[in-house]
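Trainee: In the UniProt record's numbering, the protein residues as written are 1 to 547.
Dropping a structure here in structure tokens format, bear with me for questions.
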Amino acid sequence: MNVNEAIIECLVSNNIGTLFGIPGKQSLPLNETISERSDIEFVMARHETAVSHQAWGYAETSDSMAATVVIPGPGDMNAMNGLKNALNDCTPLLHIAVETEPEIRGGDGIHETPPDTYDNVVKENITVETPQSTVAELQRAIDIAQTAPTGPVRIGIPKNFLKMDVEVAEPASSERQEAGNPPEAKVERAGDLLADASAPIIIAGGGVRASGASDELRRVAERLEAPVVLTYKGKGVFPDDHDLAGGVLCGGTGTAQKEIIANSDAALGVGTDFDAVTMQNWSIDVPDDLVHVTLDADDIGTGYDPAVGIVADASRTLEALDASLAERTVQSENGTRRARETRDAIDDRLEELRAVTEAPLTSVSALDAIREGTPRDSIIAVDAGGFRLWTLLTFPVYDTQNYVNPGSWATMGSGVPSAIGAKKANPDQDVVALTGDGGLMMCIHELHTLAGENIDVTVVVLNNSDYAIISEEAGRSYRMDPGEYGWDSAPVSYTTVAEGLGIDTMSATTTDEVAATVAEAIESDGPTLVEIPTDPYEPQSSVHMND
């Protein structure tokens, strides 16, 4: 069997049935094998910056992972952005990089980059040294990617190995290492601390998503009657319409959410590393009686000193903690009221922005209308940018795997690619990409991927003709105009661009039109873009929610 055939067989045997990539002469042996099989699919992107975001979106919205394949050098380095995003988000994916031949390595062969270039953007960086070891190393890469804490793994396979007919080594059978159970003594201490608190709070992050622990989180929250505040990556792990929902921590987090945390007398942080982006450089006050549950030991004590630190899986820890709390008298009271008052304070702050119903809409009023027109169980893939903060604060989500957005890497240009991955992972579910015009411009080529592959995704672009979050800061804090980085003198019609790329288009200018148009676009067959004009001079969430 040729090495390229053995590679694809290994992927399929590991339930990896989708590869995102751009073909090159170096990778054609793999594409040839894929074309001869019906159990694996190759999705051709238009730029390598998109392929790793596509695989990221696939994994974020499913219990499976996808793979990417790129050519050496430029292709590999273009994909680094998405690999770093997946690393920060602990999202498993397999990145296959076709490498320079070993005998040419170091001689500036075409597209050559030193393999260690990628060490810091992946969980593990593996270079295959012999053709016989290819499948064994590939299996090792897959196992590492899917071992908690999960993450992206790059495997570099020299291009001349692919067409070789050699006896490949069979990888040894092994069981992937699972995260251990939490120490019983630590769980008991955490149970004592939380049960004795009169006003506990829970801060839940992406680790809850990764471990499938939403049900366990809800049981603990309800037993403690503790409001639940979510991180960037935690949005969706606790329903936004639950009586204990307390909002999201992000760059736009306002006074009300900060106060509900600061006024608590104990906190459970679960599945979060309390990173600097989420916690606003650790300026948000967290109670001294903090129980911190995370899979990475290095996260314990970073930013905050916990009273109880537990390095364990979120699901197992929450299950054990729930059992421990069931044996105690819980002192907490008024958690539902505290959460409701926080939500009410947020709504009061948003009232003026929600009242805008005619063009140019505010992001808040547009997002309310988009939510109205979007089925409850749709997957929402959100790009980065100023509007994303409003999405985190105001766009309700009800299920763990129905919301995708980048965490602390906060890369723009990920919205449409991640929606492509989400739709490939969930072909029977509606998928909506929410993006600003700035983010869309950074991945606009992937509209053509939607058209070329006939992927039924609805792209909703909020167009304010400005990098508004930057312009606002330039005008507020520097001697520049408020619209310093806008381009209203050279406006872009995204409906025109999308039509030229083969996408059906619609537009809407009022909130009533937005709700109806988005619903129609989602209901229609095939990819559709909806363009909505928004106000470049609207307040930014980081300022407005803290005034």
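Glycine included, C-beta positions come from ideal geometry on N, C-alpha and C.
As the structure is a prediction and not an experimental result, all values here were calculated from the model.
Can you find the residues in the same chain that come closer than 8 Å, C-beta to C-beta, to D430, ignoring five residues on each side of it along the sequence?
Mentor: Working through the sequence shown from its first residue, we reach residue 430 at position 430. Closer than 8 Å at the Cβ level, and outside the excluded window around D430, lie T374, P375, D377, S378, I379, T458 and I522.
Trainee: With distance defined between alpha-carbon atoms, name the residue in I261, N160, G438 and H292 nearest to R388.
Mentor: Counting from one through the sequence shown, the residue named residue 388 turns up at place 388. The residue with the shortest Cα to Cα distance from R388 is G438.
Trainee: Check whether the Cβ atoms of E101 and N181 lie closer than 9 Å to each other.
Mentor: For the purposes of this step, residue 101 is taken as residue 101 along the sequence shown, with counting starting at 1. For the purposes of this step, residue 181 is taken as residue 181 along the sequence shown, with counting starting at 1. Result no, Cβ atoms of E101 and N181 do not sit closer than 9 Å.
Trainee: Return helix, strand or coil for V311, following the three-state DSSP convention.
Mentor: Counting from one through the sequence shown, the residue named residue 311 turns up at place 311. In this structure, V311 counts as strand in the three-state DSSP scheme.
Trainee: Could you name the residues that DSSP lists as bridge partners for E41?
Mentor: Translated into positions along the sequence shown, residue 41 becomes position 41. Beta-bridge pairing links E41 to T18.
Trainee: Tell me the DSSP secondary structure of N281 in three-state form.
Mentor: Start at 1 with the first residue of the sequence shown, and residue 281 comes out as number 281. N281: coil per DSSP, three-state reduction.
Trainee: Check the DSSP bridge columns for Y403 and list the partner residues they point to.
Mentor: Taking the sequence shown and counting its residues from 1, one reaches residue 403 at position 403. DSSP lists I380 as partners of Y403.
Trainee: Among G502, V543 and D547, which residue has its Cα nearest to the Cα of P527?
Mentor: Translated into positions along the sequence shown, residue 527 becomes position 527. Ranking G502, V543 and D547 by Cα distance to P527 puts G502 first.
Trainee: For R349, count the other beta carbons within 10 Å of its own beta carbon; 16 or more makes it buried, fewer makes it exposed. Which is it?
Mentor: Counting from 1 along the sequence shown, the entry for residue 349 is found at position 349. Buried, because 16 or more other Cβ atoms sit within 10 Å of the Cβ of R349.
Trainee: To which residues of the same chain is Q132 closer than 8 Å at the C-beta, ignoring the five residues directly before and after it?
Mentor: Counting from 1 along the sequence shown, the entry for residue 132 is found at position 132. Cβ neighbours of Q132 beyond the five flanking positions: V166, E167, V168 and A169.
Trainee: Runs of 3 residues minimum, wholly inside the stretch 207–231: which ones carry the beta strand (DSSP E) assignment?
Mentor: The stretch 207–231 contains these whole beta strand (DSSP E) runs: 228–230.
Trainee: Quick check on the burial criterion: 16 or more other C-beta atoms within 10 angstroms. Buried or exposed for R337?
Mentor: The residue labelled residue 337 in the question sits at position 337 within the sequence shown. Label assigned to R337: exposed.
Trainee: Counting only C-beta atoms, is V122 closer than 9 Å to chain C at any point?
Mentor: As a matter of chain content, chain C is missing from the structure shown, which is built from one protein chain.
Trainee: Whose CA, out of T510, T505 and N464, lies closest to the CA of S489?
Mentor: One-based indexing of the sequence shown puts residue 489 at position 489. Considering only alpha carbons, the answer is N464.
Trainee: Do L393 and residue 551 count as a contact pair if the criterion is CB distance below 9 Å?
Mentor: In the structure as shown, the chain begins at 1 and stops at 547. Residue 551 is therefore absent and cannot be evaluated.
Trainee: What does DSSP give as the partner residues of D165 in its beta bridges?
Mentor: Sequence index remark: in the sequence shown, residue 165 carries index 165 (1-based). The partner list for D165 (beta bridge, DSSP) reads N2.
Trainee: Below 8 Å, how does it come out for the stretch 357–365 and the stretch 401–413: are there three or more Cβ pairs, yes or no?
Mentor: Short answer: they don't touch.
Trainee: Less than 9 Å between the beta carbons of P227 and P360, yes or no?
Mentor: If you number the sequence shown from 1, residue 227 lands on position 227. If you number the sequence shown from 1, residue 360 lands on position 360. Not a contact, by the Cβ cut-off of 9 Å.
Trainee: Taking just the CA atoms, how far does A425 sit from E36?
Mentor: Within the sequence shown, the letter at position 36 stands for residue 36. Within the sequence shown, the letter at position 425 stands for residue 425. Those two C-alpha atoms are separated by around 22 Å.
Trainee: Look at the Cβ atom of A67, then the Cβ atom of L11, and state whether they are nearer than 9 Å.
Mentor: In the sequence shown, counting from the first residue as 1, residue 67 sits at position 67. In the sequence shown, counting from the first residue as 1, residue 11 sits at position 11. Yes, the Cβ-Cβ distance between A67 and L11 is below 9 Å.
Trainee: Cutting at 7 Å between CB atoms, please list the residues of its own chain near V208, excluding the five before and the five after it.
Mentor: Sequence index remark: in the sequence shown, residue 208 carries index 208 (1-based). Excluding sequence neighbours, V208 sits near S214, L217, G234, V237, V270, G271 and A314.
Trainee: Can you check the stretch 15–99 for any alpha helix (DSSP H) of at least 4 residues that lies completely inside it and give the ranges in chain order?
Mentor: Runs of the alpha helix (DSSP H) inside the stretch 15–99: 28–35, 48–60, 74–78 and 80–89.
Trainee: Does the beta-carbon distance from T342 to Q257 come in below 9 Å?
Mentor: The sequence position of residue 342 within the sequence shown is 342, counting from 1. The sequence position of residue 257 within the sequence shown is 257, counting from 1. Yes. Within cutoff.
Trainee: Spell out a yes or no on whether the stretch 75–89 and the stretch 30–44 are touching, meaning 3 or more CB-CB pairs, one atom from each, closer than 8 Å.
Mentor: These segments do not touch.
Trainee: Can you round the beta-carbon distance between G407 and A468 to whole angstroms, since I take them to be within the 8 Å contact cut?
Mentor: Translated into the one-based positions of the sequence shown, residue 407 becomes position 407. Translated into the one-based positions of the sequence shown, residue 468 becomes position 468. With 8 Å as the limit, G407 and A468 do not qualify as a contact, their Cβ atoms being about 22 Å apart.
Trainee: Which residues bound the alpha helix (DSSP H) around L361?
Mentor: Position 361 of the sequence shown, counted from the first residue, corresponds to residue 361. It is not in any alpha helix (DSSP H) - L361 carries neither H nor E in the DSSP assignment.
Trainee: On the premise that V229 lies in contact with G247, defined as a C-beta separation below 8 Å, what is that separation, rounded to the nearest angstrom?
Mentor: Taking the sequence shown and counting its residues from 1, the one referred to as residue 247 is at position 247. Taking the sequence shown and counting its residues from 1, the one referred to as residue 229 is at position 229. The pair is a contact, with the Cβ atoms about 6 Å apart (cut-off 8 Å).
Trainee: If you draw a straight line from the C-alpha of M480 to the C-alpha of P491, how long is it?
Mentor: Start at 1 with the first residue of the sequence shown, and residue 480 comes out as number 480. Start at 1 with the first residue of the sequence shown, and residue 491 comes out as number 491. Roughly 21 Å separates the two Cα atoms.
Trainee: Could you check the C-alpha separation between E222 and L244 for me, to the nearest Å?
Mentor: Within the sequence shown, the letter at position 222 stands for residue 222. Within the sequence shown, the letter at position 244 stands for residue 244. C-alpha separation (whole angstroms): 8 Å.
Trainee: Using only the alpha-carbon positions, how far apart do P72 and D525 sit?
Mentor: Here the question's residue 72 lines up with position 72 in the sequence shown. Here the question's residue 525 lines up with position 525 in the sequence shown. Computed Cα separation, rounded: 37 Å.
Trainee: Per DSSP, R154 is paired with what?
Mentor: Counting from 1 along the sequence shown, the entry for residue 154 is found at position 154. H95 and N125, per the DSSP bridge assignment.
Trainee: Buried or exposed for T253, please, with buried defined as at least 16 other CB atoms from any protein chain shown within 10 angstroms of its CB.
Mentor: As a position in the sequence shown, residue 253 is number 253, starting the count at 1. Looking at its Cβ environment, which holds 16 or more other Cβ atoms inside 10 Å, T253 is buried.
Trainee: Excluding the 5 residues preceding and the 5 following L318 in the sequence, name in chain order all residues of the same chain whose CB lies nearer than 7 Å to its CB.
Mentor: Along the sequence shown, one-based indexing puts residue 318 at 318. Excluding positions up to five away in sequence, the list reads A213, E216, L217, V220 and V270.
Trainee: Among T231, G205 and S332, which one has its Cα closest to the Cα of V293?
Mentor: For this step, residue 293 is matched to residue 293 along the sequence shown. Here the closest residue by C-alpha is G205.
Trainee: Would I444 and V397 qualify as a contact pair, given that the criterion is a beta-carbon distance under 9 Å?
Mentor: For the purposes of this step, residue 444 is taken as residue 444 along the sequence shown, with counting starting at 1. For the purposes of this step, residue 397 is taken as residue 397 along the sequence shown, with counting starting at 1. It is not a contact, given that the beta carbons lie outside the stated cut-off.
Trainee: Do I22 and H47 have their beta-carbon atoms positioned less than 9 Å apart in this structure?
Mentor: Taking the sequence shown and counting its residues from 1, the one referred to as residue 47 is at position 47. Taking the sequence shown and counting its residues from 1, the one referred to as residue 22 is at position 22. Yes; because the gap between Cβ atoms is below 9 Å, this pair is in contact.
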